[in-house]
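Chemist:
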Amino acid sequence: MSNIFKNFDDDNIKDITNSEQFKKVVNDKNVKNFVDNEQFVQFKEKYKNRSDDEILKDAKEYGNKLKEQYGEQEYNKKIEDLKKFEMFLNPDQKKKMKKFLENLK
1 MSNIFKNFDD DNIKDITNSE QFKKVVNDKN VKNFVDNEQF VQFKEKYKNR SDDEILKDAK
61 EYGNKLKEQY GEQEYNKKIE DLKKFEMFLN PDQKKKMKKF LENLK
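At position 28 of the sequence shown (counting the first as 1) the number is 28 in this note's numbering, and the numbers step up by one without a gap.
1. Check whether the stretch 42-51 touches the stretch 88-104, counting contact only when three or more Cβ pairs, one atom from each stretch, lie closer than 8 Å.
2. With DSSP as the reference, label Gly-71 as helix, strand or coil.
3. Residue range of the alpha helix (DSSP H) that Glu-45 falls in?
4. Would you check if there are 3 or more beta carbon pairs closer than 8 Å linking the stretch 47-66 to the stretch 95-104?
5. From Lys-46 to Lys-77, what distance separates their C-alpha atoms?
6. Compare the C-alpha of Phe-22 against each of Asn-64, Phe-88, Leu-66, Leu-56 and name the closest.
7. Below 6 Å CB to CB, which residues in the same chain sit around Gly-63 once its five sequence neighbours on both sides are set aside?
8. Would you say the beta carbon of Asp-92 is closer than 6 Å to some non-hydrogen atom of the ligand ZN?
9. Can you tell me the Cα-Cα spacing of Phe-100 and Lys-83, whole angstroms?
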């Protein structure tokens with residue numbers, strides 16, 4: 001089972017959700033739009049039990065489709081929005097997110 005979408009334990013969640021940074025990001029309109037986006041929900045479900053290699057291979061294809069759909073500038077803006085979540089990840093998750101984002105390009 002892939003650990004890219006690994007859940008935090010309860011203590012980490014309490015620490016994170018009470019932080020000012022978390023509240024600022026959660027209330028950001030762009031972040032809300034991303035998290036609530038039906039495509040993102042479907043994406044999480046699709047990759048729930050897939051290997052990291054499968055996810056990374058599809059990430060490159062998915063990234064290319066997004067670039068075509070949004071154009072380079074809007075695509076880069078969406079990637080920057082996604083990077084806002086990095087501060088809430090543990091070191092292993094940060095490493096995986098970095099690898100994931102590299103494969104999108």
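A virtual CB, placed ideally from N, CA and C, is assigned to each residue, including glycine.
If you're wondering where the values come from, they're calculated on a predicted model, not measured in any experiment.
Modeler: Taking the structure as given:
1. By the Cβ criterion, the stretch 42-51 is not in contact with the stretch 88-104, since fewer than three pairs of Cβ atoms, one from each stretch, lie closer than 8 Å.
2. Here Gly-71 sits in coil by DSSP.
3. It spans 38-46 - the alpha helix (DSSP H) in which Glu-45 sits, taken as one unbroken run.
4. Touching, yes, given that three or more Cβ pairs across the two stretches are closer than 8 Å.
5. Answer to the nearest angstrom: the Cα atoms are 24 Å apart.
6. The alpha carbon of Phe-22 has as its nearest neighbour, out of Asn-64, Phe-88, Leu-66, Leu-56, the alpha carbon of Phe-88.
7. Same-chain partners within the cutoff: Leu-104.
8. Within the structure as shown, the ligand ZN is missing, as the structure has no ligands at all.
9. Their Cα atoms are separated by approximately 11 Å.
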